Amino acid sequence: MTFTGKTKNLGVIGYPIAHSFSPAMHNAALSAAGLDYAYIAMPAAQEELENAVKGIKALNFRGINVTIPHKQAIMEYLDEINEDAKIIGAVNTVVNDNGRLTGYNTDVIGFIDALKNAGFEPAGKNAVMLGAGGAARAVVWGLIKENIKTLSIGVRNVAKVQPLVEYFKDYISIQLFDWKDPAFNTALKEADLLINTTPLGMTPNIEAMPPVAWDCVSSDTFVYDIIYTPAETLFLKTAKEKGCKILNGMGMLAGQGAEAFRLWTGVNPDLKIMEDELGKLVL
Ligand code: NAP
0 MTFTGKTKNL
10 GVIGYPIAHS
20 FSPAMHNAAL
30 SAAGLDYAYI
40 AMPAAQEELE
50 NAVKGIKALN
60 FRGINVTIPH
70 KQAIMEYLDE
80 INEDAKIIGA
90 VNTVVNDNGR
100 LTGYNTDVIG
110 FIDALKNAGF
120 EPAGKNAVML
130 GAGGAARAVV
140 WGLIKENIKT
150 LSIGVRNVAK
160 VQPLVEYFKD
170 YISIQLFDWK
180 DPAFNTALKE
190 ADLLINTTPL
200 GMTPNIEAMP
210 PVAWDCVSSD
220 TFVYDIIYTP
230 AETLFLKTAK
240 EKGCKILNGM
250 GMLAGQGAEA
260 FRLWTGVNPD
270 LKIMEDELGK
280 LVL
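Heads up: the sequence shown runs through residues 0 to 282, numbered per numbering that gives the first Met the number 0.
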């Protein structure tokens, strides 16, 4: 791809940012679509966030992705926040319309599209989610939007997750468990969908996984780990050995990128190209 004076700018801000897969994924998709954009990674420390956002406007960037540690903090510097991002309380994509910045959260669409593309239809199903940190809020909201029937959450620290349960209680009744409590096993037995949103098992700690009573998990349960490195966590490997259908976090990562791409360019990217590019980077 040759860049010219007319090339439009995109990028990702975070700190640190050198590890980001987004430049490779987006530049491959932009190039395949024949779009004249360049996507770069831009380190922005916390104290520079406000200046960084002003820079997006000043330098006429078409848009950016936002990652740790800025997903919440950036919201106060934007002109508008879309509905999903407001509910989740985090922005991972910004679109610049002639100086007016709108924040979006595309993790919701990424999470749900990957699940549906893998053949699982959430409506009317029982879901069990392990862990309840930042990414889990997009998972919960995605499941609610897709009309999941029940949601049970298993965590190590119930008190810490109570505010999340309170927050979503107008949309769905959530059962919250200490994941070591035997009562949690009833939810596991009834689960159509079991999702790991903890980082347990992520590279380099690949020997870890959340404590699941696997004898309570049916082989009909669809098991989804939003971790994407390694491609098959111990959690997914164990589920596969039980005969469960499994899905890793790669499709979610590509899907959130694809939705950001659509918001910036108005063009549907080739998801396969994005996934292939990510596949080259994931160990
Ligand atoms: P986070 O905000 O730090 O939340 C992590 C959750 O896991 C919290 O509930 C935390 O519990 C729990 N947890 C962490 N370490 C634990 C441990 N040793 N034992 C038990 N529970 C533990 O992280 P996040 O941003 O939600 O990310 C979670 C994972 O999702 C990461 O692996 C990340 O790479 C992945 N992710 C994937 C995508 C994708 O596109 N596929 C997108 C976002 C995130 P406490 O609150 O008690 O610490």
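Note that CB positions come from ideal geometry on N, CA and C, so glycine has one too.
Note that this is a predicted model, so its numbers are computed, not measured.
Report all residues from its chain with a CB closer than 6 angstroms to the CB of residue i; omit the five preceding and five following residues, and keep chain order.
{"i": "residue 183", "result": "153, 176"}
{"i": "residue 26", "result": "38"}
{"i": "residue 221", "result": "119, 192, 244"}
Does DSSP put residue i in a helix, in a strand, or in coil?
{"i": "residue 41", "result": "strand"}
{"i": "residue 151", "result": "strand"}
{"i": "residue 274", "result": "helix"}
{"i": "residue 191", "result": "coil"}
{"i": "residue 95", "result": "strand"}
{"i": "residue 171", "result": "coil"}
{"i": "residue 112", "result": "helix"}
{"i": "residue 252", "result": "helix"}
So the candidates are the options; which of them puts its Cα closest to the Cα of residue i?
{"i": "residue 271", "options": "16, 24, 12", "result": "24"}
{"i": "residue 273", "options": "28, 0, 68, 14", "result": "28"}
{"i": "residue 264", "options": "278, 37, 180, 17", "result": "37"}
{"i": "residue 59", "options": "8, 189, 210, 277", "result": "8"}
{"i": "residue 250", "options": "239, 269, 241, 243", "result": "269"}
{"i": "residue 17", "options": "212, 41, 33", "result": "41"}
{"i": "residue 33", "options": "278, 281, 277, 266", "result": "266"}
{"i": "residue 139", "options": "164, 158, 155", "result": "164"}
Can you list, in chain order, the residues of its chain with a C-beta nearer than 8 angstroms to that of residue i? Leave out the 5 residues immediately preceding and following it.
{"i": "residue 224", "result": "194, 195, 200, 232, 234, 235, 245, 246, 247, 248"}
{"i": "residue 94", "result": "61, 62, 100, 101, 103, 262, 263"}
Any idea if residue i is buried or exposed, counting beta-carbon neighbours within 10 angstroms, 16 or more meaning buried?
{"i": "residue 6", "result": "exposed"}
{"i": "residue 128", "result": "buried"}
{"i": "residue 21", "result": "buried"}
{"i": "residue 145", "result": "buried"}
{"i": "residue 275", "result": "exposed"}
{"i": "residue 134", "result": "buried"}
{"i": "residue 219", "result": "exposed"}
{"i": "residue 91", "result": "buried"}
{"i": "residue 13", "result": "buried"}
{"i": "residue 208", "result": "buried"}
{"i": "residue 214", "result": "exposed"}
{"i": "residue 3", "result": "exposed"}
Comparing the CB of residue i with every heavy atom of the ligand ADP, is any distance shorter than 8 angstroms?
{"i": "residue 201", "result": "In terms of ligand content, the structure shown lacks the ligand ADP and carries the ligand NAP instead."}
Tell me which residues share the same chain as residue i and place their Cβ nearer than 7 angstroms to its Cβ, disregarding the 5 neighbours each side in the sequence.
{"i": "residue 148", "result": "123, 124, 125"}
{"i": "residue 71", "result": "88, 89"}
**Message:** Measuring CB atoms only, is the region 103-110 touching the region 250-264, in the sense that at least three cross pairs come out at less than 8 angstroms?
**Reply:** yes
**Item:** Sufficient close CB pairs (3 or more, under 8 angstroms) joining the region 161-170 to the region 114-128
**Value:** no
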